[in-house]
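Below is one structure, written out as structure tokens; comments come after it.
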Amino acid sequence: KAGVTQTPRYLIKTRGQQVTLSCSPISGHRSVSWYQQTPGQGLQFLFEYFSETQRNKGNFPGRFSGRQFSNSRSEMNVSTLELGDSALYLCASSLTPLAGGSKTQYFGPGTRLLVL
Amino acid sequence: DAKTTQPTSMDCAEGRAANLPCNHSTISGNEYVYWYRQIHSQGPQYIIHGLKNNETNEMASLIITEDRKSSTLILPHATLRDTAVYYCIVRGDNAGGTSYGKLTFGQGTILTVHP
Numbered sequence: 091k092a093g094v095t096q097t098p099r100y101l102i103k104t105r106g107q108q109v110t111l112s113c114s115p116i117s118g119h120r121s122v123s124w125y126q127q128t129p130g131q132g133l134q135f136l137f138e139y140f141s142e143t144q145r146n147k148g149n150f151p152g153r154f155s156g157r158q159f160s161n162s163r164s165e166m167n168v169s170t171l172e173l174g175d176s177a178l179y180l181c182a183s184s185l186t187p188l189a190g191g192s193k194t195q196y197f198g199p200g201t202r203l204l205v206l
Numbered sequence: 034d035a036k037t038t039q040p041t042s043m044d045c046a047e048g049r050a051a052n053l054p055c056n057h058s059t060i061s062g063n064e065y066v067y068w069y070r071q072i073h074s075q076g077p078q079y080i081i082h083g084l085k086n087n088e089t090n091e092m093a094s095l096i097i098t099e100d101r102k103s104s105t106l107i108l109p110h111a112t113l114r115d116t117a118v119y120y121c122i123v124r125g126d127n128a129g130g131t132s133y134g135k136l137t138f139g140q141g142t143i144l145t146v147h148p
């Protein structure tokens, strides 16, 4: 069974631009979560989508948004990029929503974004 | 929401068991303990999780103390490829809590396996 895939793997943008990252979950998994990882802040939760609905959200500004499609694939968008948005963006999938009970997430390789 | 405390770094000789401790003294009754690891520049990899009982799978064993305030991840025969950052996570499972449903990663333990 194929794992979580993320595209692109590497991206360079300039301040003020916007970017869209894509994530395809493991086949059959319907929950997709996004995380940002930076050396200073570590891994931080952005949001979770399940059945095309946002189920949970971290403490990030509104410039960070996402959506999920009917095939469970998800996209994350960052508008008006800032230098501090340079990070590894990770996507994780699980069979069912994260809330409640024992739920295991499987991570993709990440998209490394550099904002100049 | 429960927080975890892990040593910053640990060393282990190849072929020996690696025992990684984690303190989660404020864990609540319905919160699971998860372990993930992250090899440089890759996404975190799930290792194991548990609630109360000890757990074992093909990768590792998880020993949870009776009071659930601490746990130990055991890699029985460490290899060079086990060099990674190991994260102990207590997943929030209380509706309305700020970490409900989220994996909250700390700084983890850098495990270095030496030849």
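Protein sequence lines, in the order shown, are assigned to chains X and R. Residue numbering for the first sequence follows this note's numbering, starting at 91 and increasing by one per position. Residue numbering for the second sequence follows this note's numbering, starting at 34 and increasing by one per position. We put the CB at the ideal spot given by N, CA and C, even for glycine.
Supposed contact pair residue j and residue i - C-beta distance, whole angstroms, cut 8 Å
i: I80(R); j: N87(R); result: I80(R) to N87(R), Cβ: 14 Å. No contact.
i: Q96(X); j: L111(X); result: 7 Å
i: G198(X); j: L180(X); result: 6 Å
i: V168(X); j: Q108(X); result: 6 Å
i: I143(R); j: S42(R); result: 4 Å
i: P115(X); j: S183(X); result: 3 Å
i: Y67(R); j: L136(R); result: 7 Å
Coarse secondary structure for residue i, derived from DSSP in three states
i: G130(X); result: coil
i: L185(X); result: coil
i: L206(X); result: coil
i: E44(R); result: Looking at the sequence shown, residue 44(R) is not Glu but Asp. Note: D44(R) maps to strand in three-state DSSP.
i: L113(R); result: helix
i: L173(X); result: helix
Candidates the options: closest to residue i by CA position
i: S141(X); options: G118(X), C181(X) and Y125(X); result: G118(X)
i: F159(X); options: D175(X), N149(X) and S121(X); result: S121(X)
i: K85(R); options: T105(R), N52(R) and Y119(R); result: T105(R)
i: L203(X); options: I102(X), V94(X) and G93(X); result: I102(X)
i: L53(R); options: Q71(R), N90(R), Y119(R) and P77(R); result: Y119(R)
i: M92(R); options: H110(R), G76(R), D100(R) and P77(R); result: H110(R)
Buried or exposed (CB count within 10 angstroms, at least 16 for buried), residue i
i: N161(X); result: exposed
i: G200(X); result: buried
Chain-ordered neighbours of residue i on chain R, where CB pairs are closer than 8 Å
i: P115(X); result: Within 8 Å Cβ-Cβ: nothing; P115(X) doesn't reach chain R, min ~13 Å.
i: L180(X); result: G76 and P77
Distance cut-off 8 Å: residue i Cβ against heavy atoms of the ligand ZN
i: S176(X); result: Absence of the ligand ZN is noted for the structure shown, with no ligands found whatsoever.
Closer than 7 Å at the beta carbon, the chain R residues around residue i
i: P199(X); result: Q75 and G76
Contact list for residue i against chain X, beta-carbon separation under 8 Å
i: Q140(R); result: G132
Neighbour list for residue i in chain X, Cβ cutoff strictly below 9 Å
i: D137(R); result: Checking the sequence shown, residue 137(R) turns out to be Thr, not Asp. The contacting residues are L133, Q134 and F135.
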